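Engineer: Provided herewith is a single structure, encoded as structure tokens, for subsequent inquiry.
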Amino acid sequence: MWIWQRENWPHFTWDKSIIEPLLRTTRLNQGILLGKTSHYPQSDERIMLDTLVANIMHSSAIEGVKLNAHVIRSSLSSQIGFEQENVQTTVQADGLAEIMIDAVVNWNTPLALNRLLHWHKRLMNIAQPIDKSINLGRLRGKGIMQVVSKAGDKTIVHFEAPDQSIIDDELTQFLMWFNDSRMDPILDPFLRAAITHLWFITLHPFDDGNGRIARLLTDLVFAQGEHYSVQLFAMPVSIFGDRKGYCDALEKTQKGDTDITSWLMWFIQTLNSTLLDAMKVIDKELFKTKVLNNIDQTKLSTSQLDVLLLMLEGKFKHGINTTQYHALTKVSKPTASRHLAGLVKSGALIKTDANGRSTKYMLRLSKLDSCKTKL
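In structure tokens form, the structure reads like this:
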């Protein structure tokens, strides 16, 4: 039996003794992320744009769809009203940008079937020819909907969705719960996001694109729960990094009963990893800003500043020597030595204890401490 065939479907249960500690840790890291962002040198516009691009790129990549990040960024900039970039957009990019913006900006709009159908039409409306069997902007047609893979000559059925004849009623129930649950003071928004993701992808109401729309709905829930923090992290990046874990967690849950503890564990732990990764990005920018604010950049040559910026981006983690500086900047070795000595004098670098050819130069400031919590 599949989960949707269980008598208690869709009345989900979970082990609170396992899930609530994970939620507390993830909530703590969300708060730390929000706190760090108040000191972030980049503008809110830049943060939002970077996050939305990452969301679209990685959600598509999970399904094996490769996109052009510059085109996606240009389309998002244009539609949000940010300064446009000189990159020609496409029908596909404009559609993906539109539905992403709709999810995270128009979060206060109730979810209805016609909105989901519009998302599907824009998601699948690409320039190149598509499978003619796909119902664009319509629910899937008759026939069994299965998620399968091949192992030699053997076909493995990972999941089978509810029959098309009951999809209308199932979606009606899902949409009613989605809109009502937003006002539930007991249901944590992170749990609501996890349930939304699982429930929708289990219904599998479209011929294609169900995973991407499930992840879009997840972002909509995040936006409804805290409409600013959703602009700070992109969960599809972490899902892409653990695609096998994602598929395994879904499959295990969809083959089980309505106790979804294992799915919630995977989802919350992955969300927590996403928040930690977002903090690393902010820490890196804060560290860079701290270093640059503590030196007089006007006294540095272009080569010195270029090398320093590379080191602040994480290059030469174990230090840079004269030979590497010379190879990178094309200045003479004596000049390279003087430039590195100048960076030491400026306060940006320190010279290691080793002498001769083993001499290296490291960033002076240690990276900012991160009070982030792992699960």
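Numbering (the working numbering), first residue to last: 42 to 416.
All C-beta atoms in this analysis are idealised placements derived from N, C-alpha and C, irrespective of residue type, glycine included.
Being a predicted model, the structure only gives us computed values, none of them experimental.
I'd like to confirm the pairing. Which residues does DSSP put opposite Ile197 in its beta bridges?
Structural biologist: Ser190
Engineer: Please report the residue range of the alpha helix (DSSP H) in which Ile97 lies.
Structural biologist: 85-103
Engineer: With DSSP as the reference, please indicate the residues paired to Ile254 in a beta bridge.
Structural biologist: Paired residues: none, contrary to the question.
Engineer: In angstroms with no decimal places, state the Cα-to-Cα distance between Ser222 and Ile391.
Structural biologist: Cα to Cα, Ser222 sits roughly 56 Å from Ile391.
Engineer: Look at the Cβ atom of Phe308, then the Cβ atom of His245, and state whether they are nearer than 8 Å.
Structural biologist: No.
Engineer: Buried or exposed for Thr311, going by 16 or more other Cβ atoms inside 10 Å?
Structural biologist: Result: buried.
Engineer: Going by beta carbon distance, what residues of the same chain come within less than 7 Å of Leu158, once the five residues before and after it are set aside?
Structural biologist: Once the five neighbours on either side are set aside, the close Cβ partners of Leu158 are Gly178, Arg179.
Engineer: Counting Cβ pairs closer than 8 Å, one from the segment 102-120 and one from the segment 147-166, do we hit at least three?
Structural biologist: no
Engineer: Unbroken alpha helix (DSSP H) runs of length 4 or more, entirely within the segment 105-146: which are they?
Structural biologist: 110-121, 132-146
Engineer: Taking the alpha carbon of Thr67 as the reference point, which residue from Ser378, Gly105, Met320, Pro375 has its own alpha carbon closest?
Structural biologist: Met320
Engineer: Once the 5 residues before and after Ala153 are set aside, which same chain residues still bring their CB inside 8 Å of it?
Structural biologist: The beta carbon of Ala153 is closer than 8 Å to those of Leu216 in its chain, skipping five residues each way along the sequence.
Engineer: Use the C-beta contact count for Ser314: other C-beta atoms within 10 angstroms, 16 or more gives buried, fewer gives exposed.
Structural biologist: buried
Engineer: Alpha carbon to alpha carbon, how far is Pro277 from Ala95? Give it in angstroms, no decimals.
Structural biologist: 8 Å
Engineer: Answer yes if the segment 52-61 comes into contact with the segment 282-296, meaning at least three C-beta pairs across the two stretches below 8 Å, and no otherwise.
Structural biologist: no
Engineer: Mind reading off the beta-carbon distance from Ile103 to Arg284? Whole number of angstroms is fine, and I expect it under 8 Å.
Structural biologist: 6 Å
Engineer: How long is the line joining the alpha carbons of Gln187 and Ile59, rounded to whole angstroms?
Structural biologist: 31 Å
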